[in-house]
Amino acid sequence: MKETLNLDEAAGLMNIGTETARELADKGALPGCKVGVAWVFLRDDVLTYIRDEVRRQTNERLALAEASRVMGEGFKPSRVKTAAGAAGTRGKHIRQHPNLDKLETAA
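Using numbering that gives the first Met the number 0, you'd call the opening residue of the sequence shown number 0 and step up by one each time.
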């Protein structure tokens, strides 16, 4: 089995288009190097990339499923009080109720 792959072979191994493989390599997501004008990839690096993506995407789906399960049970995040005031006031002044005793004695 070949240890090195060209761009077309790496794309074929990942079952993606050549342009997608080139974009992954250009941005550094898929490890590879250019020798002259041609991309060269190590088979192990391509397989590691696929394994890592499988794990990452699976964990992401599991987290979304868990969040949906929790939210489906009536979970509602609590409002957080901040230094600016009670949550939900958005910087508005909270009106105080008038002190009726003071109003009566002032009159």
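For glycine and all other residues, C-beta sits at the position ideal for the given N, C-alpha and C.
Values in this document were obtained by computation on a predicted structure and should not be read as measured data.
Quiz prompt | Spatial distance of Leu-29 from Arg-68 (CA atoms) | solution = Taking the Cα positions, Leu-29 is about 34 Å away from Arg-68.
Quiz prompt | Residue closest to Met-13, alpha-carbon to alpha-carbon, out of Leu-46, Asp-100, Lys-101, Asp-51 | solution = The candidate whose alpha carbon is nearest that of Met-13 is Leu-46.
Exercise. Could you tell me which residues DSSP puts in a beta bridge with Thr-57?
Key: Per DSSP, none; premise fails for Thr-57.
Quiz item: Leaving out the 5 sequence neighbours to the left and right, which residues in its chain are closer than 7 Å to Ala-20 when beta-carbon positions are compared?
Solution: Around Ala-20: Leu-6, Ala-9, Ala-10, Met-13, Leu-29.
Quiz item: Taking the alpha helix (DSSP H) that Ala-10 falls in, what are its first and last residues?
Solution: Taken as a continuous stretch (DSSP letters only), the alpha helix (DSSP H) holding Ala-10 covers 6-13.
Quiz item: If you draw a straight line from the C-alpha of Gly-16 to the C-alpha of Glu-59, how long is it?
Solution: Looking at the two C-alpha atoms, the distance is approximately 24 Å.
Quiz prompt | Three-state class that DSSP yields for Val-69 in the structure shown | solution = Correct three-state label for Val-69: helix.
Exercise. Please report the Cβ distance between Ala-155 and Gly-31, rounded to the nearest whole angstrom; I am assuming they are in contact, meaning their Cβ atoms lie under 8 Å.
Key: The chain is shown from 0 up to 106; residue 155 falls before or after that span and cannot be answered.
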